[in-house]
Structures are given as C-alpha cells and as structure tokens.
Amino acid sequence: MSSIETPFKISVPDSDLDLLQKKLSLATFPNELENSGWRYGVPLADVKRLVARWSEGYDWRAEEAKLNEELPQFTRDIEVSGGHGRMNIHYVHKRSEVENAIPLLFVHGWPGSFIEVRKILPLLVQASPDGKFPSFHVVAFSLPGYGFSEAPKKPGFLASHYAEIGNKLMLALGYNEYVTQGGDWGALITRKIAQIYGGKHSKAWHTNMPFGVPPTLTSQPLTYLSHLFLPYTASEKLGFARSAEFQKEGTGYFLEQSTQPQTLGYSLTDSPVGLLAWIYEKLVNWTDGYPWEDDEVLTWVSIYYFSLGGPTASARIYYEVYHSSDGSTSPTRLKNKPTIPLGVSMFPKELVVPPKSWTTASGNLVFAAQHTSGGHFAAHEKPELLVGDLRK
Amino acid sequence: MSTEVPFKISIPDTQLELLRKKLDLVTFPDELEDAGSRYGVPLADIKRLVARWKDGFDWRVEEAKLNEEMPQFTRDIEVSDGHGTLNVHYVHKRSEVDGAIPLLFVHGWPGSFIESRKILPLLTESSRDGDFPSFHVVALSLPGFGFSEAPKKSGFTPDYHAEVGHKLMLSLGYNEYVTQGGDWGYVITRKIAMKYGGTHSKAWHTNMSMGFPPLNPLSHPILFLQWMLTPYSEPEKAGFTRWKQFQKEENGYYILQCNKPQTVGYALADSPVGLLGWIYEGLVNWTDEYPWTDDEVLTWISIYLFSRAGPTASFRIYYEAQHSKDSGFISLTGGNPKIPMGVSRFPKDMVVAPMSWIKTTGNLVFAGDHTSVGTNKGGGHFAAYERPEALVEDLRNMFRRGGPAFGVTSKKGGYFDK
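Protein chains in written order, with the UniProt record's numbering: chain Z, 1 to 392; chain H, 1 to 418.
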C-alpha cells in the first residue's frame, strides 16, 4: 500500500522568508471609512499592527522550532483512487503511553491546519493514574493542499478522497480500528469516513460542528411536534440568530471559494497581507472572544503562506464539494446516515448553531454536550472542554 | 459649487516604480490539470498579462491617449447628510451643436469613465443635414472610482451617487439632461430619474435590462395577459439560463463585496496581479467574446490600481446598497420613474429580462434589441465599450426627430438651428 514513514520537521527555506519580508516592505494598504469597526471587514489598525509585527518582532524560526518540538511529524505516500495517484501526506502522530489507548484521527478544516491539534494533543495522550478517563493515540494529518501535504493535481478531488486518505493513513499506522474527531471540513470528511469505513474501521465519530436539519413530520415526528408547539430556549434562539447572521453577512468567502478559487488565489498567493486579512477575519469572527496574540495569528497564517501547495490550493476543496453531490444545495447531501455512534459538542459561537434536537439527522447520536462558550475552532479555543467531552 | 479645474491624468513615477517592484516579486499559484476557466481565470492568461505588464505595456502612452481623447475636469460637489464635499473627476465634451442634448453617462463596476471612450466622439458628432441628434456628454467617475475622491463615511448608498451626478449636471449649466447607464449606472440613473425626473432628468436609457414578471394581474393587466400568452423568445430563454449560471457560478465577488469589502480589499490593494485577476474575470465572462488586447485590459486595471482612493473604495457601493433600505442591487418596489425610459438589450449581459418584465419597471418608450444577433456581434455587459455604434444608434433613435423622446430637453432637440 503505502511507503514507509519518514520523520518530518518543518523547515521553511530562507529564500521564502526573505521574499516574505520583501513583500511586506512594499505593502500597500487600503483606506478605511470613519468608524467602520468590523462591519466592512477587518479593521485597518489590526492589519497594520499585525503586518508591523510580522516585519519586525515575529520570529518564524522560533515558532517553527516550537511546532517541531511539540508535534512529532511525519510524511508518507498514500495512494488515492480516482486517478489522483500517489500523494505525500504530512501528519502529526503521537502515541499514548497507555498501550491500548484509542486511536483517534483528528481532521482539520479551513482556515485551520494540523496546528489545531496542538493543545488537545497532550491532554488526549495523557494517561489517567486511576483509569478515570481513557487515553488516545492521536493522528492529525494535513489535508491535501494544506500544511505540508501535497496538493491534488487533478480536478475532482472529492470529500470521499480526503476520507480515503484518512482511513488509509490509520490503517498504514496499524490502527485497524479507530475513532475520529473533526470540525469544519473535518466534520464532512469524518462523516464520510463514518459512512464508507464505519463499522469495519471507524468505530465512532465526534464533531464540534454538527449538521442540523429542521425536523419534518415524517423524518422526526416528535421533534417536529415540539418544534411547532414548544418554545425554543434562549440559547437556541441565540443559535438561530447566530446562524442567520452568518447567512446574511458571512458567506461571501464561501461562495467565492466555491466558484472562482483560482481568481481569488492570485491575490492570496501574491500578497501575504491579503492572506493575513483573509484568514484573520475568520479567526476573530468565528471564535468566542478568543484572545488571539499577534504571534499566534501570524503562526496560523504562516502555515498557509509557507504551505507546500500554496494558499490557493486550500480553497479548491470548496469548489470540489460545491460541485459534487455533497454540496449544500444537493438534495442527496444528507442521505446515508452513518450508523456508528456519533458524539457532538456544541459551542455557541459556531457559525451555524442548530438546536440539539435537529442534529439527530446527521448520525446515530449517542452523546451531546452543549457548552456556554466557545466557537468554531473548538480544539484551539476550548481544548479542555473538547477533551472532556471525548473522554466521556 | 466651486469652479471647474481642468484635469490630466498624471500618475506619479513613484507609483509606477512601486508597481514594477511588486511585479518583480510576483508569486503565482499553481493550477489543476485541464482546469480551463472553471476554477477562475486561467494561469496562462495571468502570466501572459503580467509579462506584458512588466515589459511592453507603456502606461505613459496610454495615459497620454486618455488625456488626448477625453477632456477631463474636477470640481467639488457638496453631498447631503454629512457626506461633505467630494472632489469629483469627470469627462466633459460638448458637441458643436449648441442645442445638443446634455447626457450624463454613469459607469459601474469594474468599469470607469473609460467606458465612455468610444461613444464620446459618436455622441458629440454633429450632422449638418440633421440626420441624427447630437449630445453634450458628461461622464463622471463615481466617488471611490477613477480620479474622484471616495466617500469618507459609511452609508454612501447609490442615492448619494445619484445626487452627485445630478448636481454635477446642474453645476455645468445643464438644468435639463438625460442619462445613460449600465451596472451600478443603471441603479444610479434610475434613482436620478426617480428623484430628479421631470424637473431635471427628462429621460433615461439603460443597457441593463432588469425587471420582474408582471405577476399581479391587477397592477399590470395588459402586461399580465401579454406575459401569460406570449412564450419567451429564444434569446429570452438563453437569458434565463445565463442568469441562473451567473448566480450559481459567478456571484461570489458580488456577495463578498456586499459582506466584507474591506477584508478582500487588503489583498486587492496590495497585489496588482490579484487585482488584475479579479477584474479580468469580469471583463471576459461578462462580454460577448470581446477581443480584448492585453494593453486594453492593463489600461482598464491600471485605472483601478492608480485610482485616487485605491481599488478597495470601489467595492463599498456593494456593501452600502446591500445594507440600505433597497437591500441589494436594485429595489423595484416603491414605484417607477415617470420620465421616458429606453432600454437596449444585449445578448451576453448576465441578465436579459424579457420585454414584458422590463415594461413593469418604468415608462418604456424605446427598446433596442440586439439579442438576436449571433455571438461575437451581439454584445454583453459593457455595451458602450463593446458595441459603441449600436448603443449610439439606439440613443439617436430614441431622441431623434420623430423618435419617442424627441425634444425632451430643448426645442432644438439636439439638432442645429434650421
């Protein structure tokens, strides 16, 4: 099947760092309307401050070393069906000292990366002295086109192909049975893994971004009736408002990446400032008041900027899924409910926040936790809460 | 109003130098095999254009041509509701026919005053034999575009762009005038017709055919019957297909500019290549196989790159319109303008409404239909630029002696004294 595992350390060439600095020194900023706040997009002051730090003060080599220190990384070739060929996949792999720990595949999304496993990694692999909680062996791969994985070369790299890579990687590591955790694209991909490899290999899946479907009389009669007659709770109403806000003001990036990723990509590839703003907007808008430090933001963005495939490659998953039967406008999207156990953790500042009762449409719900704080990047914002849920 | 100041485009050397430096450092993305233009502008096109931009394209030559062909000016216009005084850039060319019809041409996005380039000599042309009417032409750069100042405060909706256009005409002594516009120019000239129609704006013409079906038999009984009984023509059916396609595959820039113009604006202000790709997509997709030369494209993009307020300012009209009471590009509720309306339909615009739908939007007196012409002849979104003779012919027919809008502005109606 796949070739042997090769240890990997991030080591961005000096020439890339030089080019970045040259571009930053020529940065051209737009003007801004008076008192515009965050309404039109990222405020100018934020971008200028981050660019100033990126040009002077921010030390990529120090951050790179920390990542390499904390996250044991590897690469290996994985063969992908559909003519996509052999792809070199980058991943983090850390085993617990607990020999029969649960193998867990963590799948990131956009604009995330393998870095999202950073805080939960030590907690997940941790051994419980009294056997109070389970431990996990953790695998977190960079999706093709992200981080240090190769990017697809051909059109038509679908959700099922990402799922195929995840499954094959686990099998290659000797984990014939495993569980998964994913949000954003990771939610769709782990759902695919559950559909295709569920039962035989994937034994349970957990997501922090559950799909919710309004109940109908035929699909979920009891829920439908309560939807008609019982009032929604305050937090559910907030969830509706949050979802509506996202639909109204926050989907532009989604439509552009789903339809013209290459056009968008020319500017994101050529302008580190542009890429910074593009990603930073989500880091702020999609989190629950998370206190980002400038260096944290810059490390996150640098992973995109220095990625093997370049930032444009990361946008293409939107196009491929949009034009596939998994697209959000596709009527067959929610067919084939996976049968393996599903756990969800719900955070109030996720982009779309359905009532808990609606999430049973996405899978065989056995565990659901609702939290009062946290947003889209749960593993990064609320690592203890997420790990607590997984342990349960 | 302050006085008019003659203007010549003269981009500082430092800006040309900065462009050169950025192009020298350009980083291109990869591209999928056989991607064609499905994922966006093809890489080969961008690379070719960048190569020309670095070596061969001569902005100073293009700049000189623009200054030569289009007499330009600036003047201050006071805008209501606290938006203050904006310095507005415009083209102004009078016909030698003294009683010519004053015409305000309003561009859209990603257009500019350059869209009046080809129709300018034709519109101002005079006919000694009185074969056709002549026009005095004013083509402004909308605030935030070209060499006009940009609004400083939020809330500068198309209503204020309309105010600027109207006040400009008045300041030039054109108490009565007509308008022509497409894209945002359609929205803005419609607002001019609503607010200043009758007293000042006497007729309006658009090349963007929009409308809604006359679904209410009570409000438009005859139209409703017509609509029910008349099947859609082949070009109209093609128009529906095109519109659906556009909404599904090409509307990303629109929603993004409505949602977060500032966020995307950082990339497009900082990367000339990014801006080139962003605009070029529209120039190709929205036209009827117009044979753009590389230099033509680069001149068009340069106007955005070198614009007074920078390219990001040009996106904000989308946000403002979306967040205004119109809730979007155009609101057809709230009544129609009463002044005579003319529409020219071109087959490859992204929206080609049926005539029965267009009739619900105004007092239609003239319709020019180019939709039956074959491809590469019909024309698309940038009608004044792609099909200048056809558009001018339509305007002449609308306003000529015996035409449906003859004499709306003066007794001479655009002709020499006899």
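Using N, Cα and C, we set each Cβ at its ideal position, and we do this for glycine too. Nothing here was measured: the structure is a model prediction, and the numbers come from that model.
**Q.** Neighbouring residues, chain H, relative to Pro316(Z) (Cβ below 8 Å)
**A.** Taking the first residue of the first sequence as 1, we reach residue 316(Z) at position 316. According to the sequence displayed, residue 316(Z) carries Arg and not Pro. Result: Leu32, Tyr39.
Q.
Helix, strand or coil, according to DSSP, for Gly363(Z) in the structure here?
A. Numbered from 1 along the first sequence, position 363 holds the residue referred to as residue 363(Z). Correct three-state label for Gly363(Z): coil.
Q.
Any beta carbon from chain H within less than 7 Å of Asp294(Z)'s own beta carbon?
A. As a working mapping, residue 294(Z) is identified with position 294 in the first sequence. Asp294(Z) does not count as touching chain H.
Q: Measure the beta-carbon distance from Ile339(H) to Ala162(H) and round it to whole angstroms, keeping in mind my assumption that it falls under 8 Å.
A: In the second sequence, residue 339(H) corresponds to position 339, counting from 1. In the second sequence, residue 162(H) corresponds to position 162, counting from 1. Not really, about 14 Å apart at Cβ, beyond 8 Å.
Q: Answer yes or no: do Pro338(Z) and Gly198(Z) have a C-beta to C-beta separation smaller than 7 Å?
A: Your numbering for residue 338(Z) matches position 338 in the first sequence. Your numbering for residue 198(Z) matches position 198 in the first sequence. A contact, by the Cβ cut-off of 7 Å.
**Q.** Beta-carbon proximity list for Glu320(H), same chain, < 7 Å, skipping 5 on both sides
**A.** Residue numbering aside, residue 320(H) sits at position 320 when the second sequence is read from its first letter. Once the five neighbours on either side are set aside, the close Cβ partners of Glu320(H) are Gly155, Phe156, Thr157.
Q: Output, in chain order, the set of chain H residues within a Cβ distance shorter than 9 Å of Tyr58(Z).
A: Numbered from its first residue, the first sequence carries residue 58(Z) at position 58. In chain order: nothing, as chain H lies at least about 18 Å away.
Q: Give the residues from the stretch 220-252 of chain H that approach chain Z closer than 7 Å (Cβ to any Cβ), ordered along the chain.
A: Within the stretch 220-252 of chain H, those residues whose Cβ lies closer than 7 Å to any Cβ of chain Z are, in chain order, Glu249, Glu250, Asn251, Gly252.
**Q.** Contact set for Leu268(Z): own chain, Cβ-Cβ below 7 Å, skip 5 residues either direction
**A.** As a working note, residue 268(Z) is residue 268 in the first sequence. Closer than 7 Å at the Cβ level, and outside the excluded window around Leu268(Z), lie Gly274, Leu275, Trp278, Pro311, Thr312.
Q. Along the stretch 298-316 of chain H, what residues have a CB closer than 8 Å to any CB found in chain Z?
A. Ala309, Gly310, Pro311, Thr312, Ala313, Arg316
Q: Check distances from the C-beta atoms of the stretch 261-280 of chain H to those of chain Z and list, in chain order, the residues that come in under 9 Å.
A: Pro261, Gln262, Thr263, Val264, Gly265, Tyr266, Ala267, Leu268, Ala269, Asp270, Ser271, Pro272, Val273, Gly274, Leu275, Leu276, Gly277, Trp278, Tyr280
Q) In the structure shown, what three-state DSSP assignment does Ala127(Z) receive? A) Counting from 1 along the first sequence, the entry for residue 127(Z) is found at position 127. Three-state DSSP puts Ala127(Z) in coil, outside helix and strand.
Q) Closer than 7 Å, CB to CB, is Val284(H) near chain Z or not? A) The residue you call residue 284(H) lines up with position 284 of the second sequence. Val284(H) is outside the set of residues whose beta carbon lies under 7 Å from a beta carbon in chain Z.
Q: Return no unless some Cβ of chain Z is closer than 7 Å to the Cβ of Leu256(H).
A: As a first step, residue 256(H) must be located in the second sequence, where it is residue number 256. Judged by the 7 Å Cβ criterion, Leu256(H) is in contact with chain Z.
Q | Cα-Cα separation between Thr6(Z) and Tyr162(Z), rounded to whole angstroms | A | Taking the first sequence and counting its residues from 1, one reaches residue 6(Z) at position 6. Taking the first sequence and counting its residues from 1, one reaches residue 162(Z) at position 162. Looking at the two C-alpha atoms, the distance is approximately 21 Å.
(Q) So Gly183(Z) and Ala378(Z) are supposed to be a Cβ contact under 8 Å. How far apart are they, rounded? (A) In the first sequence, residue 183(Z) corresponds to position 183, counting from 1. In the first sequence, residue 378(Z) corresponds to position 378, counting from 1. That pair is a contact at about 6 Å.
Q: Return the first residue and the last residue of the beta strand (DSSP E) that Ala203(H) is part of.
A: In the second sequence, counting from the first residue as 1, residue 203(H) sits at position 203. It spans 201-206 - the beta strand (DSSP E) in which Ala203(H) sits, taken as one unbroken run.
**Q.** CA-to-CA distance, Thr251(Z) to Ser2(Z), given in whole angstroms
**A.** Locating residue 2(Z) in the first sequence gives position 2, where the first residue counts as 1. Locating residue 251(Z) in the first sequence gives position 251, where the first residue counts as 1. Caution is warranted here: a pLDDT of 47 is assigned to Ser2(Z), below 50, making its placement in the model unreliable, and the coordinate value is therefore given only provisionally. For the pair Ser2(Z) and Thr251(Z), the Cα-to-Cα distance works out to about 38 Å.
(Q) For Ile77(H) and Ala315(Z), I'd like the C-alpha separation in whole angstroms. (A) Numbered from 1 along the second sequence, position 77 holds the residue referred to as residue 77(H). Numbered from 1 along the first sequence, position 315 holds the residue referred to as residue 315(Z). The alpha-carbon atoms of Ile77(H) and Ala315(Z) are separated by roughly 43 Å.
Q | Residue range of the alpha helix (DSSP H) that includes Tyr304(H) | A | Numbered from 1 along the second sequence, position 304 holds the residue referred to as residue 304(H). Here the alpha helix (DSSP H) through Tyr304(H) covers 294-305.
Q: List the residues of chain Z that Ser154(H) touches, going by C-beta distances under 9 Å, in chain order.
A: If you number the second sequence from 1, residue 154(H) lands on position 154. In chain order: Leu33, Glu34, Asn35, Ser36, Arg39, Tyr40.
Q) If you check the beta carbons only, do Pro29(H) and Gly156(Z) fall under 7 Å apart? A) As a working mapping, residue 29(H) is identified with position 29 in the second sequence. As a working mapping, residue 156(Z) is identified with position 156 in the first sequence. No.
Q: Quick one: which residues of the UniProt domain "Epoxide hydrolase N-terminal" (6-115) of chain H get their C-beta closer than 8 Å to a C-beta of chain Z? List them in chain order.
A: Per Cβ criterion, the list reads Leu18, Lys21, Lys22, Leu25, Val26, Thr27, Phe28, Pro29, Asp30, Glu31, Leu32, Glu33, Asp34, Ala35, Arg38, Tyr39, Gly40, Val41, Pro42, Leu43, Ile46.
Q | Inside the stretch 108-167 of chain Z only - alpha helix (DSSP H) runs reaching at least 4 residues | A | 120-125
(Q) For a cutoff of 7 Å on Cβ pairs, would you count Ala62(Z) as touching chain H? (A) Counting from 1 along the first sequence, the entry for residue 62(Z) is found at position 62. It does not; no Cβ of chain H falls within 7 Å.
Q) How would you write the range of the alpha helix (DSSP H) that Thr263(H) sits in, first residue to last? A) Locating residue 263(H) in the second sequence gives position 263, counting from the first residue. Where Thr263(H) is concerned, the enclosing alpha helix (DSSP H) stretches over 261-270.
Q: Report the option in Asn364(Z), Ser55(Z), Glu350(Z) whose CA atom is closest to the CA atom of residue 393(Z).
A: There is no way to answer for residue 393(Z), as the model of chain Z reaches only from 1 to 392.
Q) At what residues does the beta strand (DSSP E) containing Ser344(H) begin and finish? A) By one-based count along the second sequence, residue 344(H) stands at place 344. Its beta strand (DSSP E) spans residues 340-345.
Q. Can you tell me whether Met1(H) is buried or exposed, with buried defined as 16 or more other CB within 10 angstroms of its CB?
A. The residue labelled residue 1(H) in the question sits at position 1 within the second sequence. Bear in mind that the predicted position of Met1(H) carries a pLDDT of just 45, short of 50, making it too unreliable to give a figure here.
Q. What is the residue span of the beta strand (DSSP E) that Trp278(Z) lies within?
A. For this step, residue 278(Z) is matched to residue 278 along the first sequence. No beta strand (DSSP E) holds Trp278(Z); the alpha helix (DSSP H) holding it covers 272-285.
**Q.** Segments assigned beta strand (DSSP E), at least 3 residues, entirely inside the stretch 344-414 of chain H
**A.** 363-369
Q.
Can you tell me whether His285(H) is helix, strand or coil according to DSSP?
A. Here residue 285(H) is taken as the residue at index 285 of the second sequence, counted from 1. In the sequence on display, residue 285(H) carries Asn and not His. If DSSP states are grouped into helix, strand and coil, Asn285(H) belongs with the helices.
(Q) Is the separation between the beta-carbon of Ala309(H) and that of Glu115(H) shorter than 7 Å? (A) Residue 309(H) sits at position 309 when you count from the first residue of the second sequence. Residue 115(H) sits at position 115 when you count from the first residue of the second sequence. No, these two residues do not count as a Cβ contact at 7 Å.
Q) Should Ile120(Z) be labelled buried (16 or more other beta-carbon atoms within 10 Å of its own) or exposed? A) For the purposes of this step, residue 120(Z) is identified with residue 120 of the first sequence, where counting begins at 1. Classification of Ile120(Z): buried, given that the 10 Å Cβ count is 16 or more.
**Q.** Rounded straight-line distance, which links the Cα of Ala51(H) to that of Ala44(H)
**A.** Looking up residue 44(H) in the second sequence gives position 44. Looking up residue 51(H) in the second sequence gives position 51. Spanning the two alpha carbons is a distance of roughly 10 Å.
Q | Ser298(Z) at chain H interface by Cβ criterion, 7 Å | A | Looking up residue 298(Z) in the first sequence gives position 298. According to the sequence shown, residue 298(Z) is Leu rather than Ser. Closer than 7 Å to the CB of Leu298(Z) there is not a single CB belonging to chain H.
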